[in-house]
Amino acid sequence: MTVAAGIGYALLALGPSLSLFVSVISKKPFLILTVLSSTLLWLTSLIVLSGVWRVFLPLKSTSWWPYGLLIFTSIAFQEGLRVLFWKVYKRLEDLLDNFADKVSKPRLFQTDKMQIALAGGLGHGVAHAVFFCLSLLTPAFGPATFFVDRCSQIPFFLVSAIIALAFVTIHTFSMVIAFNGYAEGNKVDQVFVPVVHLVAGMVTLVNFASGGCIIGIPLLYFIASLTLIHCGKMVWRRLTENRSRQGN
Amino acid sequence: MAIKFPYLLLLFNFHLRLSVSGQLNSMESVPDLQKSMYKFIDGYPCVRLLNLSGVIGCSNPGREMVVAPIVRYKNTIALSQSSAVLVSSDELQSFLSRIWHDSSFAGNIAGVIVESENEFQNKSKGFSPAGKFPLAEFAPYQNTSYEWNPIGSGIMWNAYDFPVFLLSESSTLTLQEAANKNEKNKKAYIADVAEFNLVMQTTKAGTHDSETCLKEETCLPLGGYSVWSSLPPINVSSSDQSKPIILTMASMDSASFFRDKSLGADSPLSGLISLLAAIDALSHVDGLDDLTKQLVFIFFTGESWGYLGSRRFLYELDLQSDAVSGLNNSLIEMAIEIGSVGKGFNQGVKRFYTHTAEVSSATNETLKALKHAQDSMKSEHIIVSPANASNPGIPPSSLMAFLRKNSLSSGLVLEDFDSVFSNKFYHSHLDNISNINSSAIVAAASLVARTLYILASDNKNVSGSALTAISVNVSLVEELMGCLLDCDPGLSCELVKDYISPTSTCPSHYAGVILDEPSSTPYPGYVDDMSRFLWNFLADRTSIPSENGSSCSQGCHNKGAVCVREETDGKGVCVISTTRYVPAYSTRLKFESGTWTVLPPNSSDPMGILDPVWTESNWNAIGLRVYTVQDAAYDHIVLVAGISVTVLAYLAIVTTRAVLTKALKRD
Numbered sequence: 001m002t003v004a005a006g007i008g009y010a011l012l013a014l015g016p017s018l019s020l021f022v023s024v025i026s027k028k029p030f031l032i033l034t035v036l037s038s039t040l041l042w043l044t045s046l047i048v049l050s051g052v053w054r055v056f057l058p059l060k061s062t063s064w065w066p067y068g069l070l071i072f073t074s075i076a077f078q079e080g081l082r083v084l085f086w087k088v089y090k091r092l093e094d095l096l097d098n099f100a101d102k103v104s105k106p107r108l109f110q111t112d113k114m115q116i117a118l119a120g121g122l123g124h125g126v127a128h129a130v131f132f133c134l135s136l137l138t139p140a141f142g143p144a145t146f147f148v149d150r151c152s153q154i155p156f157f158l159v160s161a162i163i164a165l166a167f168v169t170i171h172t173f174s175m176v177i178a179f180n181g182y183a184e185g186n187k188v189d190q191v192f193v194p195v196v197h198l199v200a201g202m203v204t205l206v207n208f209a210s211g212g213c214i215i216g217i218p219l220l221y222f223i224a225s226l227t228l229i230h231c232g233k234m235v236w237r238r239l240t241e242n243r244s245r246q247g248n
Numbered sequence: 001m002a003i004k005f006p007y008l009l010l011l012f013n014f015h016l017r018l019s020v021s022g023q024l025n026s027m028e029s030v031p032d033l034q035k036s037m038y039k040f041i042d043g044y045p046c047v048r049l050l051n052l053s054g055v056i057g058c059s060n061p062g063r064e065m066v067v068a069p070i071v072r073y074k075n076t077i078a079l080s081q082s083s084a085v086l087v088s089s090d091e092l093q094s095f096l097s098r099i100w101h102d103s104s105f106a107g108n109i110a111g112v113i114v115e116s117e118n119e120f121q122n123k124s125k126g127f128s129p130a131g132k133f134p135l136a137e138f139a140p141y142q143n144t145s146y147e148w149n150p151i152g153s154g155i156m157w158n159a160y161d162f163p164v165f166l167l168s169e170s171s172t173l174t175l176q177e178a179a180n181k182n183e184k185n186k187k188a189y190i191a192d193v194a195e196f197n198l199v200m201q202t203t204k205a206g207t208h209d210s211e212t213c214l215k216e217e218t219c220l221p222l223g224g225y226s227v228w229s230s231l232p233p234i235n236v237s238s239s240d241q242s243k244p245i246i247l248t249m250a251s252m253d254s255a256s257f258f259r260d261k262s263l264g265a266d267s268p269l270s271g272l273i274s275l276l277a278a279i280d281a282l283s284h285v286d287g288l289d290d291l292t293k294q295l296v297f298i299f300f301t302g303e304s305w306g307y308l309g310s311r312r313f314l315y316e317l318d319l320q321s322d323a324v325s326g327l328n329n330s331l332i333e334m335a336i337e338i339g340s341v342g343k344g345f346n347q348g349v350k351r352f353y354t355h356t357a358e359v360s361s362a363t364n365e366t367l368k369a370l371k372h373a374q375d376s377m378k379s380e381h382i383i384v385s386p387a388n389a390s391n392p393g394i395p396p397s398s399l400m401a402f403l404r405k406n407s408l409s410s411g412l413v414l415e416d417f418d419s420v421f422s423n424k425f426y427h428s429h430l431d432n433i434s435n436i437n438s439s440a441i442v443a444a445a446s447l448v449a450r451t452l453y454i455l456a457s458d459n460k461n462v463s464g465s466a467l468t469a470i471s472v473n474v475s476l477v478e479e480l481m482g483c484l485l486d487c488d489p490g491l492s493c494e495l496v497k498d499y500i501s502p503t504s505t506c507p508s509h510y511a512g513v514i515l516d517e518p519s520s521t522p523y524p525g526y527v528d529d530m531s532r533f534l535w536n537f538l539a540d541r542t543s544i545p546s547e548n549g550s551s552c553s554q555g556c557h558n559k560g561a562v563c564v565r566e567e568t569d570g571k572g573v574c575v576i577s578t579t580r581y582v583p584a585y586s587t588r589l590k591f592e593s594g595t596w597t598v599l600p601p602n603s604s605d606p607m608g609i610l611d612p613v614w615t616e617s618n619w620n621a622i623g624l625r626v627y628t629v630q631d632a633a634y635d636h637i638v639l640v641a642g643i644s645v646t647v648l649a650y651l652a653i654v655t656t657r658a659v660l661t662k663a664l665k666r667d
C-alpha cells in the first residue's frame with residue numbers, strides 16, 4: 001500500500017472520533033481532560049492485564065476457549081474499572097456542584113453530565129483504536145499489502161480498521177448508557193453495557209474461523225448500531241422527561 | 001428489553017458451534033508482521049563486471065530498485081507488461097538468447113529469476129555459459145576457432161540491463177507459488193511482485209569501462225593471492241641453490257554466470273584436490289633431501305579472468321621479488337599442470353590424457369616417468385594416453401601463459417579429456433560435487449605423486465618398494481571434496497577449521513577482487529578463505545618442525561620459519577617451511593597511493609596487450625524481496641473512504657446536536 005492507503009486506514013478507524021473531538025469535546029477544556037484521563041485509565045488496565053496474563057502468553061492453542069477466557073477476564077476487569085471510574089466521577093460531580101453553589105453559578109446540567117460520559121467513552125474508544133489498529137499500521141505505509149489466510153478477501157489492515165471503528169462506537173456510547181444507568185439506578189442499563197462489551201469481544205473470536213470475518217464484522221456492526229440506538233433512545237427519554245419535569 | 005436477551009443467547013450459541021481450524025498465525029509483534037509481509041529471498045546474483053572496452057554481467061538499470069510482478073516464462077506467450085520472469089534452469093540459455101534477438105520481448109523484461117535445478121532434470125544436455133574456446137586470445141597457437149567447449153553458449157560474456165538472480169532450493173518454492181498466484185489472479189487488483197536490489201555503483205556513476213571506473217574508485221580489479229610451496233623447504237642461506245626445479249601447478253578459481261555459485265568441481269578444483277593429496281602422500285616419504293631435483297608446487301588464482309595468477313607469477317620471477325625468493329627462473333626445468341581430472345572414471349577404468357607443447361627432452365622424461373608410475377599401479381586400472389595429435393595444441397590452461405612467455409618452455413597438462421572438454425558444465429553453477437568422481441581424483445593423485453618422485457630422483461634406481469610406499473590418503477581426498485565443493489560440511493569442516501577460521505560455510509571459488517595493496521605478506525583479512533587454507537595446509541605438510549614446536553605469539557625468529565594455524569585457538573606453531581603468497585592481478589595494473597591505474601600497453605608484455613583487465617563494480621547491498629501489492633486505485637478508494645467516513649460522522653454529530661438543542665429549547 002502507500003501513504004495514501006495508510007492515511008485512509010487511520011481515518012477509517014479514528015476519523016469519527018476526530019470529528020466528535022473537534023465538534024463537541026474541544027469546546028470545553030474539562031472534556032478534553034476527561035478524554036485524556038479515560039484513555040490513560042484504559043491503557044493502564046491493559047498493562048495490568050498483560051502483567052497478569054504474561055505467564056500464559058503466547059497462547060499456542062488451536063481451540064478457541066483460551067482466547068475466550070482471555071477476553072472474558074479482560075472485559076470483566078475493564079467493566080469493574082468502569083464502576084470505579086463512575087465512583088470517581090460521582091465524587092468529582094459533587095465537588096463541582098458544591099463549588100458552583102459557592103460561587104452562585106448553576107450546577108451541572110443533564111447535558112453536561114452526558115457530555116462528560118461521552119468524553120469518557122471516547123477516551124476508551126480512542127485508546128482501543130490506537131492500541132489495536134494504529135500501532136499495527138506502520139507497515140501499511142510501505143509498498144506491500146497483507147492478507148491473512150483466514151480472511152483472504154479483505155486486506156488485513158482494512159479489517160483491523162473496520163473492527164476498530166466498531167469498537168470506538170461501542171465504547172463511546174456504552175459509557176453514556178452506563179453512567180446514566182448508575183445515576184438512575186436503572187438495572188437494565190447497568191447490565192446492558194457489560195453484556196454488550198462481552199458479546200462484542202466474543203464475536204471477534206468468529207474471525208478465527210476460515211472466512212469468519214465475513215460473518216464476524218457485520219455482527220460486530222450490528223452490536224455497535226444496537227448500542228448507538230439504545231443510547232439515542234435513552235438520551236431522548238432523559239432529555240424529554242427532564243424538560244417535562246422542568247416544564248411543570 | 002425482553003427481546004434483547006434471547007438475541008444475545010442466540011449469538012452465544014452461534015459462535016459456540018464454530019470451531020477454530022487450521023494453523024495459528026504465530027506473529028507476536030509488528031516486526032514479525034513486517035517480516036511476513038516482505039519475504040527476503042536468498043539467491044545468487046549475477047553482477048556487473050567491466051573490462052577496458054565495456055561491460056558484461058547484470059545490473060539494475062538505474063539507482064532505484066526494480067519492482068515487477070512475477071510471471072512464469074512460457075516460450076509461446078508474449079509479455080504484456082514489464083515483468084519479473086521466472087525461468088527454469090534449463091530454459092535460461094534459450095531465454096537469454098531470445099532476449100538478444102527479440103527487442104520487443106526484451107523491452108518488457110524488468111528482471112530474471114532462475115529456479116534452482118530440479119534433481120530429476122535431464123542432466124545429459126549440459127549447460128555452459130562460457131565460450132567455445134575460453135581465453136582463446138592467450139593461446140600459443142593460431143587456430144583460435146577450435147571448439148574445446150562445444151556446449152559453450154557464451155551468455156556470461158554479454159551485458160544485461162536487468163537484474164538476474166539464481167534461487168536456492170527453498171526459495172524456488174516461494175517464487176513458484178507467487179507466480180501461480182499471479183496467474184490465478186490475473187484480473188484482480190493484487191499481484192505478487194519481486195523487488196530487485198542490484199544497484200551497481202558503476203551504473204550510478206556512469207563509468208562503463210575499467211579505466212574510468214578504477215579512476216573514479218567505483219570498481220576493484222579481479223585478483224587474489226596464489227600460493228606456492230616447495231617440498232622439502234628451500235634453504236635460502238645454503239650455497240647449493242642450483243637444483244633444477246620441477247614446477248607442478250593447479251588452479252583454485254572458477255567462474256560462472258552467478259558470482260557466488262562458482263564451485264568449479266571438475267574444472268579446476270578436481271586438479272587442485274588431487275595435487276593436494278599428492279603433496280600429502282609425498283610429504284610422508286623419507287629421504288626427500290636426497291632428491292636431485294627440487295619439487296615446487298603452485299596454486300594460481302584468477303586464471304579464469306585472463307591467467308592473472310600465472311602471468312603475475314612469471315612477472316614476479318623476472319623481477320626476482322620477495323614473493324618468489326628462492327626460485328630462479330632459469331632453473332625451472334619442467335612445468336606440469338594438473339587440470340580437470342574428476343571425470344576420468346569410466347566403468348572401473350581411470351583414463352587421463354597428457355597434452356604437451358613442443359617435444360623436448362624434459363617432456364619425454366616426464367612421459368617416461370608417467371609410464372613408470374602407471375606400471376607400478378597395474379591393479380588400479382589407470383591408463384595415461386597422449387592427447388590426439390590433431391588437437392591444435394594444449395587446452396586452455398595456465399601453461400598457455402608459460403608458453404606465451406617463453407615458447408621453448410617444457411610443459412605438460414594432465415586432463416581427463418582428449419579433444420573436447422568432458423565437463424558438460426564448464427564454468428557453470430552446475431559444475432558441483434555430483435559432477436566428479438573421487439576415484440578419478442585419487443588415481444590422478446597417486447599418478448602425480450609417483451611421477452614426481454621418479455622425476456625428482458632423476459629416474460635413477462627408483463625401487464618398486466619406494467614407489468609402493470607412496471600412497472594417497474583416500475579419506476583426505478573425500479574430506480577435501482566435502483569441504484571445498486559442498487555446503488555440508490563446507491568450510492566449517494574439521495580439516496579446514498584446523499587451519500583457519502573461515503568467513504563462510506558454503507565455499508565459492510570465484511576469484512573475487514584484490515583488496516588494498518598487493519604484497520607478498522598480505523594482511524590475512526584481505527586474503528580469501530581458499531588461499532589462506534592452502535597456505536596453511538601446504539606450510540604444514542611441507543614443513544620441517546622447528547625447535548620445540550614453539551608457539552608464534554612473539555613471531556617466529558628462526559630463519560625460514562613461518563607461523564602455521566595462526567587463526568585457530570591454539571594461536572599457531574612455528575615451523576620451517578617455504579610457503580609464500582604471490583599476488584595475482586593483471587600485469588597492466590599498478591597500485592600507487594591508494595588507487596589503481598591502468599598502465600599503457602607494453603611490447604615487452606605481449607599478454608598484457610591482450611588482457612581485457614577485468615574489474616568488478618562496487619555495490620551497496622544486493623537482495624531480492626517478494627511481497628504482495630494492490631492497485632493504486634484501491635489505495636485511493638481507501639483514502640476517499642476514510643475521509644468520507646470522517647466527514648459524514650461530523651455532519652451526523654452536528655445534526656444531532658442541532659436536534660437536541662432545538663428539542664431542549666422547545667419550552
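As you go down the protein sequences, you meet chains W and G in turn. Residue 161 in UniProt numbering sits at position 161 of the first sequence; the count goes up by one each step and never skips. Residue 656 in UniProt numbering sits at position 656 of the second sequence; the count goes up by one each step and never skips. C-beta: ideal position from N, C-alpha, C; glycine also.
Within-8 angstroms CB hit, residue i to chain W
i      : result
A641/G : yes
T212/G : no
D32/G  : no
A663/G : yes
A649/G : yes
L660/G : yes
S21/G  : Only weak support is given to the placement of S21/G: the predicted model assigns it a pLDDT of 35, under 50, and the question is left unresolved by the model.
Cβ of residue i within 8 angstroms of any chain G Cβ
i             : result
G120/W        : no
V55/W         : no
A224/W        : no
T138/W        : yes
residue 249/W : No statement about residue 249/W is possible, as the shown extent of chain W runs from 1 to 248 and does not include it.
Neighbour-count burial assignment, residue i, 16 or more Cβ in a 10 Å radius
i             : result
I441/G        : buried
A68/G         : buried
S407/G        : exposed
R404/G        : buried
D540/G        : buried
residue 670/G : With chain G covering 1 to 667 only, the question about residue 670/G has no answer from this structure.
S19/W         : buried
D631/G        : exposed
Residues near residue i by beta carbon distance below 6 angstroms, same chain, minus five either side
i             : result
residue 677/G : This structure gives no information on residue 677/G, because the portion of chain G shown stretches from 1 to 667.
N60/G         : V66, P163, L198 and V199
V527/G        : Y225
S310/G        : F300, S398 and A401
Cβ separation of residue i and residue j, assumed to be a contact under 8 angstroms, to the nearest whole Å
i      : j      : result
L430/G : G411/G : At roughly 30 angstroms, the Cβ-Cβ gap does not stay under 8 angstroms, so L430/G and G411/G are not in contact.
G43/G  : D209/G : Contact flag wrong, Cβ pair sits at about 28 angstroms.
G57/G  : C46/G  : 6 angstroms
V341/G : S270/G : 5 angstroms
L447/G : Q347/G : Contact flag wrong, Cβ pair sits at about 19 angstroms.
A224/W : V638/G : Not confirmed; about 20 angstroms, so no contact.
Contacting residues, own chain, Cβ-Cβ under 8 angstroms from residue i (five flanking each side not counted)
i     : result
W64/W : L205 and F208
Cβ-based neighbour list, residue i, same chain, cut-off 7 angstroms, excluding 5 preceding and 5 following
i      : result
L158/W : Y9
S88/G  : E115
E616/G : V47, L49, C219, L220, L222 and V513
T503/G : D529
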